[in-house]
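*Asks:* Right, I'll just put the structure down here and ask away after.
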Amino acid sequence: MKYDFDTILDRRATNSEKWRTKDGELPLTIADMDFKTAAEITAAMKKKIDQGAFGYEYPTKEYYEAVADWYQSEHHAHAETDWMRFTTGVIPALTASVHHFSHEGDNVLLMEPFYNTFYNSIINSGRHVIASQQLYDTATHTYQVDWYDLEDKLANSLTTLMILCNPHNPTGYVWTKDELGRILSLAKRHGVIVISDEIHGDLVLEGADYTPAFSLPNDLTTNLITLVSTSKTFNLAALHSATGIVPNPILRERFDRAINKYEVAEPNLLAIPTTIAAYRHGADWLHQLKDYVRGNKEYVAGFIKQNLPELQLVPGTATYLLWIDTSALSDDSQQLANFIRKDTGLIINPGTYYHGNGAGFIRINIAYPRKQIEDGMKRLAKAIADFPNAK
Ligand SMILES: Cc1ncc(COP(=O)(O)O)c(C=O)c1O
Numbered sequence: 001m002k003y004d005f006d007t008i009l010d011r012r013a014t015n016s017e018k019w020r021t022k023d024g025e026l027p028l029t030i031a032d033m034d035f036k037t038a039a040e041i042t043a044a045m046k047k048k049i050d051q052g053a054f055g056y057e058y059p060t061k062e063y064y065e066a067v068a069d070w071y072q073s074e075h076h077a078h079a080e081t082d083w084m085r086f087t088t089g090v091i092p093a094l095t096a097s098v099h100h101f102s103h104e105g106d107n108v109l110l111m112e113p114f115y116n117t118f119y120n121s122i123i124n125s126g127r128h129v130i131a132s133q134q135l136y137d138t139a140t141h142t143y144q145v146d147w148y149d150l151e152d153k154l155a156n157s158l159t160t161l162m163i164l165c166n167p168h169n170p171t172g173y174v175w176t177k178d179e180l181g182r183i184l185s186l187a188k189r190h191g192v193i194v195i196s197d198e199i200h201g202d203l204v205l206e207g208a209d210y211t212p213a214f215s216l217p218n219d220l221t222t223n224l225i226t227l228v229s230t231s232k233t234f235n236l237a238a239l240h241s242a243t244g245i246v247p248n249p250i251l252r253e254r255f256d257r258a259i260n261k262y263e264v265a266e267p268n269l270l271a272i273p274t275t276i277a278a279y280r281h282g283a284d285w286l287h288q289l290k291d292y293v294r295g296n297k298e299y300v301a302g303f304i305k306q307n308l309p310e311l312q313l314v315p316g317t318a319t320y321l322l323w324i325d326t327s328a329l330s331d332d333s334q335q336l337a338n339f340i341r342k343d344t345g346l347i348i349n350p351g352t353y354y355h356g357n358g359a360g361f362i363r364i365n366i367a368y369p370r371k372q373i374e375d376g377m378k379r380l381a382k383a384i385a386d387f388p389n390a391k
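Mapped onto the working numbering, the consecutive letters of the sequence shown carry residue numbers 1 to 391.
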C-alpha cells in the first residue's frame with residue numbers, strides 16, 4: 001500500500017498545540033508530524049472505540065511481545081518482555097525516575113545542547129542540572145563528547161542520574177555503539193543511573209541504525225533505564241504511551257515502584273491496542289515516511305546550499321528535526337526567530353531553548369507535506385534577506 005504524505009492537513013481545526021498560531025503563520029516547531037498515522041493504527045483505535053466500554057486497563061503480554069518483536073525486526077536488538085514496563089510517556093517516566101532515584105539538591109547530568117522539557121523535570125523537583133557541553137567544531141559543524149569533562153561531572157558525588165538522548169535531540173546525532181558503551185561504563189564506575197530516552201530511535205533517516213542501549217552487553221546495562229515509545233515514530237504523541245526497558249532486575253523493581261508511586265503506569269483506553277497495532281502493522285508506513293522525510297531533508301539541504309550560504313546544516317542522521325548553525329547571521333537566535341516570525345509568519349524554534357551553544361542555532365521540524373516545506377524555505381530566504389536591514 002502506498003501511503004499519502006502530500007496532503008496538507010488542517011490541524012488548526014483539531015486543537016493542535018503546534019498550530020495555535022495566527023492565520024497565515026507556518027509553525028515548523030513542536031516535534032510532532034503533519035501526517036496522518038498509518039490506517040492500520042487508526043483502524044485499531046476505531047475498533048476499540050466501537051466496543052464502547054472503557055473500564056480500567058492494564059498492559060498485556062501481547063503488548064510486551066509486540067514491543068520485543070519490533071526491536072528485534074527493526075533494530076536487531078533483543079529485549080526480554082520481563083524487562084519492560086508500560087508508562088504514560090517518556091516525560092512522566094523521567095519525572096518519576098528523577099523523584100525516585102535522586103534526592104533534592106542532587107545533580108542530574110546531561111549533554112548540551114539538549115531537549116528543553118527535561119529541564120522542567122529536573123528543576124521543578126529541586127534537583128540541579130549539571131551540563132557537559134558537547135564540543136562544537138566550526139569547520140565540520142559537528143559535535144563531540146567532551147569525555148574528560150563528562151567523567152569529571154559523573155564523578156561529582158552529587159551526580160546521581162544522567163539523561164541521555166539516543167539519538168540526540170536537537171542535533172539528530174546517532175550515538176555509536178562504542179560511545180554508548182563508554183558512557184555507560186563511565187556512569188557505572190561512578191554509580192550513576194543512566195536514563196536513555198530513545199523516543200527518536202525509529203527515525204534514523206540515513207547511515208547506520210541507532211543502537212538501543214538495552215541491547216549492550218549485560219555488564220554495561222546494570223545502571224540503565226531505556227525509554228522507548230511509538231509517540232514520535234507514528235505521530236501518536238497524544239496517546240501518552242511509552243515503555244521502560246530495564247534489564248537489571250533490582251533496578252527494575254525500583255523503576256516499578258517509581259512509576260507506580262507517581263501514577264504513571266496505567267494505560268488510557270487506546271494506549272495498548274494502538275501500540276500493538278503500530279508495532280505489529282506499522283513498519284511499511286514507517287519506511288515510506290522515512291523516505292518522504294529524507295526527501296524533505298535533501299530538498300532543504302539543497303535549498304540552503306544554493307540560496308542561504310550563511311546557514312550551515314548540522315549533519316545529523318536521525319529525527320525530522322534539523323539543527324542549523326545561524327551564527328554567521330546572529331548570536332541571538334531568539335531575536336532571529338522573532339524577526340523571522342514577524343517578517344514572514346514562519347515560526348521556528350530558537351536554539352536558545354536547548355541551552356549550550358544554542359544561541360547560534362535554530363531548529364526546524366521538516367515532518368510536513370513537501371509543499372509546506374517549500375513554503376517554509378521561501379519564507380526563511382525572505383527573512384534572512386531582510387534580516388540585516390532590521391538591525
Ligand atoms: C527527546 C524527547 N523526549 C521526550 C519527548 C516527549 O515525550 P512524551 O510525549 O512521551 O512525554 C520529546 C518530544 O519532543 C522528545 O523530543
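Every residue gets a Cβ at the ideal spot worked out from N, C-alpha and C, and that includes glycine.
In this text, all values refer to a predicted model and were calculated from it rather than measured experimentally.
Okay, do the stretch 305-317 and the stretch 147-162 touch, 3+ Cβ pairs below 8 Å being the bar?
*Replies:* No, because fewer than three Cβ pairs between the stretch 305-317 and the stretch 147-162 fall closer than 8 Å, the two stretches do not touch.
*Asks:* Would Gly172 and Phe234 qualify as a contact pair, given that the criterion is a beta-carbon distance under 7 Å?
*Replies:* For this step, residue 172 is matched to residue 172 along the sequence shown. For this step, residue 234 is matched to residue 234 along the sequence shown. No. Outside cutoff.
*Asks:* For Gly244, name the three-state secondary structure that DSSP assigns.
*Replies:* On the sequence shown, residue 244 is found 244 positions in, with the first residue counted as 1. Of the three classes helix, strand and coil, the one that applies to Gly244 here is strand, per DSSP.
*Asks:* Sorted by chain position, which residues of the same chain lie with C-beta nearer than 7 Å to Leu270's C-beta, five sequence neighbours on each side aside?
*Replies:* For the purposes of this step, residue 270 is taken as residue 270 along the sequence shown, with counting starting at 1. Answer for Leu270: Met45, Lys48 and Leu239, listed in chain order.
*Asks:* In the DSSP assignment, find the unbroken beta strand (DSSP E) run with Asp84 in it and report its ends.
*Replies:* The count along the sequence shown starts at 1 and reaches residue 84 at position 84. The sequence shown places Met at residue 84, rather than the Asp named in the question. Counting along the chain, the beta strand (DSSP E) containing Met84 begins and ends at Met84 to Thr87.
*Asks:* Note down, in chain order, each residue of its chain lying with its Cβ closer than 8 Å to the Cβ of Asp69, except the 5 sequence neighbours on either side.
*Replies:* In the sequence shown, residue 69 corresponds to position 69, counting from 1. If we look at Asp69 and ignore the five residues flanking it on each side, its Cβ neighbours are Tyr279 and Arg280.
*Asks:* For ligand 1, is there any heavy atom lying closer than 6 Å to the beta carbon of Asp82?
*Replies:* Against the sequence shown, residue 82 aligns to sequence position 82. The answer is no for Asp82.
*Asks:* Applying the 10 Å Cβ sphere with the 16-neighbour rule, what's the burial state of Pro249?
*Replies:* Reading the sequence shown from its first residue, position 249 is the one you call residue 249. Pro249 is exposed by the Cβ-count criterion.
*Asks:* From Arg85, Leu180, Gly191 and Phe118, pick the residue whose C-alpha is nearest to that of Glu266; which is it?
*Replies:* Counting from 1 along the sequence shown, the entry for residue 266 is found at position 266. Nearest of Arg85, Leu180, Gly191 and Phe118 to Glu266, Cα basis: Arg85.
*Asks:* Heavy atom of ligand 1 less than 6 Å from the Cβ of Asn120, yes or no?
*Replies:* Here residue 120 is taken as the residue at index 120 of the sequence shown, counted from 1. Asn120: no, Cβ never under 6 Å from ligand 1.
*Asks:* State buried or exposed for Leu109, treating a residue as buried only when at least 16 other CB atoms are found within 10 Å of its CB.
*Replies:* As a first step, residue 109 must be located in the sequence shown, where it is residue number 109. Per the 10 Å Cβ criterion, buried.
*Asks:* If you run the structure through DSSP and keep just helix, strand and coil, what is Ser231?
*Replies:* The count along the sequence shown starts at 1 and reaches residue 231 at position 231. Coil, per DSSP.
*Asks:* Counting beta carbon pairs with one atom in the stretch 217-234 and one in the stretch 192-205, are three or more of them shorter than 8 Å?
*Replies:* Cβ pair count under 8 Å is three or more, so yes.
*Asks:* Just to confirm the assignment, what range does the alpha helix (DSSP H) spanning Thr117 have?
*Replies:* If you number the sequence shown from 1, residue 117 lands on position 117. Element bounds for Thr117: Thr117 to Ile123.
*Asks:* Ala38: beta carbon under 6 Å from a heavy atom of ligand 1?
*Replies:* Locating residue 38 in the sequence shown gives position 38, where the first residue counts as 1. Ala38 Cβ: outside cutoff for every heavy atom of ligand 1.
*Asks:* Among residues of its own chain, excluding the 5 on either side of Tyr64, which ones have a beta-carbon nearer than 6 Å to its beta-carbon?
*Replies:* The residue given as residue 64 occupies position 64 in the sequence shown. Counting only Cβ-Cβ distances below 6 Å, and skipping sequence neighbours, we find Thr81 and Met84.
*Asks:* Across which residues does DSSP place Pro350 in a beta bridge pair?
*Replies:* Position 350 of the sequence shown, counting from 1, holds the residue named residue 350. DSSP lists Ile362 as partners of Pro350.
*Asks:* Here's the rule I'm using: 16 or more other beta-carbon atoms within 10 Å means buried, otherwise exposed. How should Asp34 be labelled?
*Replies:* In the sequence shown, residue 34 corresponds to position 34, counting from 1. Classification of Asp34: buried, given that the 10 Å Cβ count is 16 or more.
*Asks:* In whole angstroms, what separates the C-alpha of Arg20 from that of Glu151?
*Replies:* As a first step, residue 20 must be located in the sequence shown, where it is residue number 20. As a first step, residue 151 must be located in the sequence shown, where it is residue number 151. Whole-angstrom Cα-Cα distance: 42 Å.
*Asks:* Given a threshold of 16 other Cβ atoms within 10 Å of its Cβ, counted over all protein chains shown, does Asn166 qualify as buried or as exposed?
*Replies:* Along the sequence shown, read from residue 1 onward, the residue named residue 166 stands at position 166. The residue in question, Asn166, is buried, as its Cβ has 16 or more Cβ neighbours within 10 Å.
*Asks:* Relative to the C-alpha of Gln312, which candidate in Tyr299, Ala328 and Lys297 has its C-alpha closest?
*Replies:* Position 312 of the sequence shown, counted from the start, is the residue given in the question as residue 312. Selected option, being the one with the closest Cα: Ala328.
*Asks:* Which two residues bound the contiguous alpha helix (DSSP H) that contains Met45?
*Replies:* For the purposes of this step, residue 45 is identified with residue 45 of the sequence shown, where counting begins at 1. Per DSSP, Met45 belongs to the alpha helix (DSSP H) from Ala39 to Gln51.
*Asks:* Mind checking whether Ile259 and Ala96 have CB atoms under 7 Å apart?
*Replies:* Your numbering for residue 259 matches position 259 in the sequence shown. Your numbering for residue 96 matches position 96 in the sequence shown. Yes. Within cutoff.
*Asks:* Please work out which residues of its chain come closer than 8 Å, Cβ to Cβ, to Gly89, disregarding the five sequence neighbours upstream and downstream, and give them in chain order.
*Replies:* The residue given as residue 89 occupies position 89 in the sequence shown. The residues are Ser229, Ser231, His240, Ser241, Ala242 and Val264.
*Asks:* Mind listing, in chain order, the continuous alpha helix (DSSP H) runs of no fewer than 4 residues lying wholly within the stretch 260-333?
*Replies:* Counting whole runs of 4 or more residues, the stretch 260-333 contains the alpha helix (DSSP H) stretches 271-281 and 283-307.
*Asks:* Would the stretch 178-197 and the stretch 285-304 be scored as touching if the rule is three or more Cβ pairs under 8 Å?
*Replies:* In short, these stretches do not touch, since the Cβ pair count stays below three.
*Asks:* For ligand 1, any of its heavy atoms closer than 6 Å to the Cβ of Asp197?
*Replies:* For the purposes of this step, residue 197 is identified with residue 197 of the sequence shown, where counting begins at 1. Result yes, Cβ under 6 Å from ligand 1.
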